[in-house]
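According to our numbering, the sequence shown is numbered sequentially starting from 1. So the structure is just underneath, and the comments pick up after that.
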Amino acid sequence: MPGEQLESLIDTPAIREAVAIVLERTNGENEELQWGDVKDALSSGQWGRLIEEGILVSGSSGFVLSNPEHIRQKFDKYDASSETAAQVDKIETEPWAWYDKVAGVCALIFFIGYWSPQIRNVIASVDNIILGPVTHALPFYAVVLLLALVTGLYSTVLQSRLMDTEKIQQYKDRMERLNRRKETAEEREDEEALAQIQKEQMKAAGDQLGMFKLQFRPMVWIMVLTIPVFLWLRWKVRGGHLGVGETGLIVPLAGSVSWQQTLLGLMPTWIVWYFLCSMAARQVIQKTLNIQISPS
């Protein structure tokens, strides 16, 4: 295959990815491959394109690279120039707006409420203005279930709206590509390539703060709404504000347990009940609304 044609093909992202996988699986040599050896990493279209373009040719029982050394040299040359530069380019992310920063400060203050009775009592008293009438209308276990449903709903929606899954996937893809190139270079014992890849990994690692900010932004807004609810529940149970008949739950295996009785390890019953309801609610909401909250 002429060098110009090969370079043109490698310039195509799908072919470039496919060539990288084939080089990795064959160790850059004349080892034969069958479709079953690469179908976990390549699409059938990529596999067929490699054969159609003559990068893979028929062997005795499978397919081999038409000219492994030539293909590897061209691929490494391209990889060290255009693609490498693109991989380590800074992934642009939107800075936090002023209201995101305000939410972060509020979340921190609310978080301190776990240890500060003064802050906790103030937050719980404000929450009780809204939630007090609800506790008079429903038994406490139903109030916890209702709060778990509400917090699960807005947590799921906020995470799906504020999480930039596309950019997070870009960060992950970049690190995976660098790791694959490092493994291939180690197999070839290419010290020069390993040194270059290590520099790129160090530069890419510096951008991990960007991915952390992307992931933490929705968590800040979730904490702003969730922590006050949790502090109110703690105030209600541990502060002696439950009704006379609100003693606890009947739990399988454990039987009748009080709300403050430890159920799983050191966790009291009310925390276990809240988290079980919250996790179940989030799963139902995600399935019902078909909400995607992680990179595909």
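Glycine residues also receive a C-beta, built at the ideal position from the N, C-alpha and C atoms. In this text the structure is predicted, and so the values were computed from the model without any measurement.
- Separation of residue 43 and residue 280 (C-alpha to C-alpha, rounded to the nearest whole angstrom) is 35 Å.
- If you ignore the 5 residues before and after residue 140, its C-beta comes within less than 8 Å of the C-beta of 236, 242, 243, 246 and 259, all in its own chain and listed in chain order.
- Membership of residue 250 in the beta strand (DSSP E) is indicated by the continuous run 248–251.
- Residue 197 sits buried, since 16 or more C-beta atoms from the chains shown fall within 10 Å of its C-beta.
- Separation of the CB atoms of residue 131 and residue 270 is rounded to 14 Å, and the pair is thereby denied contact status at 8 Å.
- Boundaries for residue 266: no beta strand (DSSP E) harbours it, and the DSSP string shows neither H nor E there.
- Under the 10 Å beta carbon count, residue 274 is surrounded by 16 or more other beta carbons and is classified as buried.
- When only Cα atoms are considered, residue 134 and residue 151 end up about 15 Å apart.
- According to the DSSP assignment, residue 44 belongs to no beta strand (DSSP E) but to the alpha helix (DSSP H) extending over 44–52.
- Beta-carbon to beta-carbon, residue 186 and residue 178 are separated by about 12 Å, too far to satisfy the 8 Å threshold.
- Annotated three-state conformation of residue 61 is coil, per DSSP.
- Apart from sequence neighbours up to five positions away, the residues of its chain that approach residue 66 with a beta-carbon distance below 8 Å are 1, 54, 55, 56 and 57, ordered along the chain.
- For residue 256, the enclosing beta strand (DSSP E) stretches over residues 255–258.
- Residue 129 places its beta carbon 8 Å or farther from that of residue 119.
- Residue 132: member of the alpha helix (DSSP H) spanning 117–137, first to last residue.
- Residues 131, 134 and 135 of the same chain have their beta carbon placed closer than 8 Å to that of residue 143, with the five preceding and five following residues left out of the count.
- For residue 100, the enclosing alpha helix (DSSP H) starts and ends at 98–112.
- CA-CA distance, residue 261 to residue 160, rounds to 35 Å.
- Secondary structure of residue 242 (DSSP, three-state): coil.
- Out of 285, 223, 31 and 162, the CA that lies nearest to the CA of residue 69 is found in 31.
- In this structure, the CA atom of residue 172 is about 25 Å from the CA atom of residue 189.
- For residue 66, there is no enclosing alpha helix (DSSP H), as DSSP gives it neither H nor E.
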